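Take a look at the structure below.
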Amino acid sequence: MRHSTRIAVGPVQFRIGSDWREPITALERLYAGYPKDEDRPADATVRLFAARPWRRWLRPSVHIGGDFVVPDALPLPLSMGLLAAEMGMNLQVALGWRRHMLLHASAVARDWRAVILSGESGSGKSTLAALLGEGDWRLMGDEFTLIEPASGDALAFPRAVSLKNEAIAEMTARVDAARLGPLLAGTPKGNIRHLVPRADAIAAMHEPARPALILFPRFGGEAAIEPMGAGEAFVRLTEASTNYTALGEAGFAALTRLVREAPAFGIAYPDSATGMALVEQLWAEAAR
Amino acid sequence: MADPAYRAAPPDALRIEALGELTAIFDRRSMQTHLVVAPMPEILAAMGEGPSSAATLARRLAAAFDLDAQGDAAEIVAERLRELAAMGLVAEA
């Protein structure tokens, strides 16, 4: 790789290499405020490479590679290098991480206690967490939350938040433009713009938080709170974990403990303000 | 109708965790997680070290849970035992 950089997000040390300078420059700008630890070996490697050498000049398109090869990953045009890097980082973590149980969930924390928000793409979990992270909460991550098997603690993975479509306008109105990446229009996932988490959230990224609440948000429909049994939460979180099976009994033990210690609720909300209010309400009740 | 006997999994093969209405069972031999509801955990708990038939287990469960051991209890237990065997959690003796 002609160009490369190192990025540490929570416990994961990435090495990212590219045939082009542009994606590396864009990443270095987004992750400029993250702590550097160049001495640590990389946990995951992401490579953005040209399909054939001549394509680099003729019709540049970025392929995603890395420790794990995903054969059907889409080649993306060069302007999408930043998105390709993000997808590569997600894939490397989702497929390769074994030290913690990985939940496809966003999380926020207050007083070292975490609210875990799990849901499919489009559930609004990412936007909700990003909005909470601009208020009295520490954003732990918008995409992945890691559970330490031995302690049961939640660990942060505060990568740059991937804002999609309507969420872009909602967040750009609230934050300093310096915390936003370039607008990536017309990607396979629609319009995307990255948001750098607040400096305090980045500075606290190695601080664990005790899971206190598990929420399954659903954007759309009337405001509703549905208490969920530990068994159903267990089933849903096995589906939301990318490495539950690979962890074997350690994953089983971590997940049974998680759903026993933290109450779970499904929440539906018609708009972000209502969603945030529901989180605050359940938090106040859980704290009692 | 035949009433085959079944044997429980070896001690330490299963890790059983009750989660409200569901019970999660981790099988250390297959590394698989099974999710079951009543009366599966009760049947597993009622199996001793030796082989047990559905009729024997129905009698044990009736004594423990104040059920009517007559009627079709034995047939229901036999059906559940076949399902537990299909999951690999018990084996035909």
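Chains E and Y, in that order, are what the protein sequence lines are.
Per the numbering used here, the first sequence runs over residues 1 to 288.
Per the numbering used here, the second sequence runs over residues 1 to 93.
For every residue, glycine included, the Cβ atom is placed at its ideal position computed from N, Cα and C.
Quantities reported herein were computed from a predicted structural model and do not represent experimental measurements.
I'd like the span of the beta strand (DSSP E) that includes residue i, first residue to last.
| i | result |
| --- | --- |
| Y:ARG15 | 14–19 |
| E:LEU310 | This structure cannot speak to residue 310 of chain E, because chain E is shown only from 1 to 288. |
| Y:ARG59 | No beta strand (DSSP E) contains Y:ARG59, which is instead part of the alpha helix (DSSP H) from 54–65. |
| E:PRO227 | 224–228 |
| E:ALA185 | 184–187 |
So, are the CB atoms of residue i and residue j less than 9 Å apart?
| i | j | result |
| --- | --- | --- |
| E:THR145 | E:ALA130 | no |
| E:GLU226 | E:PHE265 | yes |
| E:GLY220 | Y:THR23 | no |
| E:LEU215 | E:VAL196 | no |
| E:ILE202 | E:LYS164 | no |
| E:GLY81 | E:TRP137 | no |
| Y:ALA9 | Y:LEU67 | no |
| E:PRO211 | E:GLY251 | no |
| E:VAL12 | E:ALA32 | no |
| Y:ILE16 | Y:LEU44 | yes |
| Y:VAL37 | Y:GLU21 | yes |
Going by DSSP, what residues sit across from residue i in a beta bridge?
| i | result |
| --- | --- |
| E:LYS164 | E:ILE192 |
| E:THR5 | E:ILE16 |
| Y:ALA7 | With the sequence shown as reference, residue 7 of chain Y is identified as Arg, and Ala is not the correct amino acid for it. Looking at the DSSP assignment, Y:ARG7 forms a beta bridge with Y:ALA91. |
| E:MET101 | E:ILE147 |
| E:ALA109 | E:ALA114, E:ARG138 |
| E:ALA268 | E:ARG218, E:ALA224 |
| E:PHE234 | Partner(s): none; E:PHE234 has no beta bridge. |
| Y:GLN32 | Y:ASP27 |
| Y:LEU22 | Y:LEU19 |
Within the 9 Å Cβ cut-off, does residue i reach chain Y?
| i | result |
| --- | --- |
| E:LEU117 | no |
| E:TRP54 | Per-residue confidence for E:TRP54 stands at a pLDDT of 49, beneath the threshold of 50, marking its modelled position as unreliable; the derived number appears in the next sentence. Chain Y, which has no Cβ nearer than 9 Å to the Cβ of E:TRP54, makes this no. |
| E:ARG260 | yes |
| E:THR242 | no |
| E:GLU232 | yes |
| E:PHE265 | no |
| E:PHE216 | no |
| E:GLY229 | yes |
| E:GLY248 | yes |
| E:MET87 | no |
| E:ALA150 | no |
| E:PHE252 | yes |
| E:THR5 | no |
| E:VAL235 | yes |
| E:THR245 | yes |
| E:THR256 | yes |
| E:THR238 | yes |
For residue i, decide whether its Cβ has a neighbour in chain E, counting only Cβ atoms nearer than 9 Å.
| i | result |
| --- | --- |
| Y:LEU61 | no |
| Y:ARG29 | no |
| Y:ASP12 | no |
| Y:ARG7 | no |
| Y:GLU42 | no |
| Y:GLU21 | yes |
| Y:THR33 | yes |
| Y:GLU83 | no |
| Y:PHE26 | yes |
| Y:ARG15 | yes |
Below 8 Å on the Cβ atoms is my contact criterion, and I expect residue i with residue j to pass it. Report the Cβ-Cβ distance as a whole number of Å.
| i | j | result |
| --- | --- | --- |
| E:GLU261 | E:TRP112 | Their Cβ separation, rounded to whole angstroms, is 14 Å, which puts E:GLU261 and E:TRP112 out of contact at 8 Å. |
| E:ASP176 | E:VAL161 | With a Cβ gap of about 14 Å, E:ASP176 and E:VAL161 do not count as contacting. |
| E:ARG98 | E:ALA246 | 6 Å |
| E:PHE14 | E:ARG2 | 18 Å between Cβ atoms; not a contact. |
Please list the terminal residues of the continuous alpha helix (DSSP H) segment that includes residue i.
| i | result |
| --- | --- |
| E:PHE157 | Looking at the DSSP string, E:PHE157 is not in any alpha helix (DSSP H), and its letter there is neither H nor E. |
| E:THR242 | E:THR242 -> no alpha helix (DSSP H), and no H or E assigned at all. |
| Y:GLU75 | 73–86 |
| E:LEU180 | No alpha helix (DSSP H) holds E:LEU180; DSSP gives it neither H nor E. |
| E:ALA253 | 249–261 |
| E:GLY88 | 81–96 |
| E:ALA130 | 125–132 |
| E:ARG174 | E:ARG174 -> no alpha helix (DSSP H), and no H or E assigned at all. |
| E:ARG40 | Where E:ARG40 is concerned, there is no enclosing alpha helix (DSSP H), given that its DSSP letter is neither H nor E. |
| E:PRO23 | 21–30 |
| Y:PRO51 | Premise fails: Y:PRO51 is in no alpha helix (DSSP H) and is neither H nor E. |
| E:ASP153 | Where E:ASP153 is concerned, there is no enclosing alpha helix (DSSP H), given that its DSSP letter is neither H nor E. |
| E:ALA203 | 199–203 |
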